[in-house]
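Novice: Be aware that the sequence shown starts at 81, since it is given in the numbering used here, and climbs by one per residue.
Here a beta-carbon is modelled for each residue, glycine too, at the ideal position from N, C-alpha and C.
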Amino acid sequence: MKYTSQAKKFFAVTLSVGYLALIFSCSASRSQDVILHTTDPLYGEIEKLGQELTIKNNVPGAAVAVIRDGKIAWIQSIGYADLASKKPVTPETIFNIGSISKLISAWGFMQLTEKDLVKLDDPVDPLLSRWHLPESEFDRSKVTLRRILSHTAGLSVHGYGGSDQGKPLLSLEESLNGKTKRNGETVHLISEPGTKWDYSGGGFTVAQLLLEERTNQSFTTYMKNNILLPLGMKHSSYDWKTEMMVNSATAYDENGNPVKKRIFTEKAAAGLQTTIKDLAHFAELSITRDPKELNKVLKPGTIKLMETPVLPNSNEGESGLGYRFMNYEGFRTVGHTGENVGWSAALFLDLPTQSGIIVLCNGSNGDRVWFPIYQSWLKTLKMKNEFLK
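1) Can you tell which of Pro452, Ser165, Ile343 and Arg226 has its C-alpha closest to the C-alpha of Ala426?
2) Which residues in the same chain as Ser255 place their Cβ atom closer than 7 Å to its Cβ, once the five residues preceding and following it in sequence are excluded?
3) Report yes if the CB atom of Ile169 is closer than 8 Å to the CB atom of Ala143, and no otherwise.
4) Could you name the residues of the same chain whose beta carbon sits closer than 6 Å to that of Leu229, not counting the 5 residues immediately before and after it, in chain order?
5) Only counting the same chain, and skipping five residues up and downstream in sequence, which positions put a Cβ closer than 8 Å to that of Glu194?
6) What's the call for Gly239, buried or exposed, on a 16-neighbour Cβ count within 10 Å?
7) Quick check on the DSSP output: the alpha helix (DSSP H) that includes Phe344 runs from which residue to which?
8) Where does Phe189 sit, in a helix, a strand or coil, going by DSSP?
9) Please name the residue in Glu293, Lys167 and Lys314 whose C-alpha comes closest to that of Leu197.
10) For Glu215, report the span of its alpha helix (DSSP H) as first-last.
11) So, are the CB atoms of Gly418 and His231 less than 8 Å apart?
12) Decide if Gln191 is buried, meaning its Cβ has at least 16 other Cβ atoms within 10 Å, or exposed.
13) Starting from Gly283 and walking both ways along the beta strand (DSSP E), at which residues does that stretch end?
14) Inspect the beta-carbon positions of Gly443 and Gly422 and report whether they are closer than 8 Å.
15) Per DSSP, what are the beta-bridge partners of Asp162 in this structure?
16) Return the chain-ordered ranges of every alpha helix (DSSP H) run that is complete within the stretch 315-400 and spans a minimum of 4 residues.
17) Since Met406 sits in a beta bridge, which residues does DSSP pair it with?
18) Let me know if Cys106 comes out buried or exposed under the rule of 16 or more other beta-carbons within 10 Å of its beta-carbon.
19) Exposed or buried, what is Gly415 when buried is set at 16 or more other beta-carbons lying within 10 Å of its beta-carbon?
20) The beta strand (DSSP E) that contains Ser424, what's its start and end?
21) Roughly how many angstroms separate the alpha carbons of Leu461 and Arg404, rounded to a whole number?
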């Protein structure tokens, strides 16, 4: 697309109005420092889209964050956290984020490598004592942390269904041995490690056990003290804590009926609860890798490595270490999506432009909400890129 000098001047003014941060929150707290960028044309477009799509698809509410130049540009709340009480979604509303949990979990696993508790390319199984990979025709000594985090370890179990909140959870060993209600599948080798990409939530459950064995701490405790709190993610947890209930959204199925929250033994794979503020801040750090903000959780070079593709890949997928590469509308981003009963979420980052969008929904049909929102964001990003050429 070509522009005349007059058109470029007009477009530049429009962009400056649309992209600069005009209204700031009054709080001095970093977690509260969010731009209410209501003059951005994309803000209005997403607001309209979100209101229409949530109603149409039986998704009560959504929270959206847009990142530009490596910083949160604005956060938007749409619809209801709870329909019965008409409690609105706010930036502090807590959502389960399904498999996006793997991104944050991977920071914990990579921290083990920085502490020299695990090496990326050493066999994982000899480091385990509570459970071991079953013997098979495939070489389990080739199952490494690098391959687990990149879905190239040849392990089974795509995902997990969790249990209704209030029910006792399986132990990690029971889950790995296939006592899960959803699939009853053991975590085992289904292909030779390092030969193909095959998405495996089961692999992240092995990594969860590895972390617990190497640190002598529960996964939840370690992640809270070593990852979440140091990053400033004070409203995030791998457990549904009692104090979180007041700010938690209610989950709704595909018909718009409330369902019980799901709890997970397999927390690393699917069990993180968080707010749009906390997750957007995590996305900022994934983009900028600012050492001051990282608070020694990980080195910037480690995050860069995590966001680098690992071979092999396939038509089914491509991953870094925890981060997935996704192609929608012919555009390649890094991030993850997440789906659990009653929840749907997406996090897309364009590292070259330091841009991103995050959408959290409290409905099983949330993908019907976040994908059109993603398309609107992408259209704006492409227009900006074209203008800057």
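Specialist: Considering the structure as presented:
1) Per the Cα distances, Pro452.
2) Excluding sequence neighbours, Ser255 sits near Thr285, Thr345 and Glu346.
3) Correcting the residue identity first, residue 169 is Val in this sequence and not Ile. For Val169 and Ala143, yes; Cβs fall inside 8 Å.
4) Here Leu229 has Ala186, Leu401 and Gly402 as same chain residues with Cβ atoms under 6 Å from its own Cβ, once five neighbours each way along the sequence are excluded.
5) Here the set comprises Leu378, Lys379 and Thr382.
6) Buried: at least 16 other Cβ atoms inside 10 Å.
7) Membership of Phe344 in any alpha helix (DSSP H) is not indicated, and neither H nor E is assigned to it by DSSP.
8) Assignment of Phe189 by DSSP, reduced to helix, strand and coil, places it in the helix class.
9) Ranking Glu293, Lys167 and Lys314 by Cα distance to Leu197 puts Glu293 first.
10) Neither: Glu215 is in no alpha helix (DSSP H) and is coded neither H nor E.
11) For Gly418 and His231, no; Cβs fall outside 8 Å.
12) That one is buried.
13) Element bounds for Gly283: not the beta strand (DSSP E) but the alpha helix (DSSP H), Gly281 to Thr295.
14) Yes.
15) Answer is Lys167, bridged to Asp162.
16) If only complete runs of 4 or more residues are kept, the stretch 315-400 shows the alpha helix (DSSP H) at 347-350, 356-368, 371-374 and 380-386, in order along the chain.
17) Beta-bridge pairing links Met406 to Thr413.
18) The predicted model places Cys106 with a pLDDT of 34, which falls under 50 and marks its position as unreliable; any figure quoted below should be read in that light. Answer is exposed; the Cβ neighbour count stays below 16.
19) Counting every other CB atom within 10 Å of its CB across the protein chains shown gives Gly415 a total of 16 or more, marking it as buried.
20) Residues Trp423 to Asp430.
21) Across the structure, Leu461 and Arg404 are spaced so that their CA atoms are roughly 20 Å apart.
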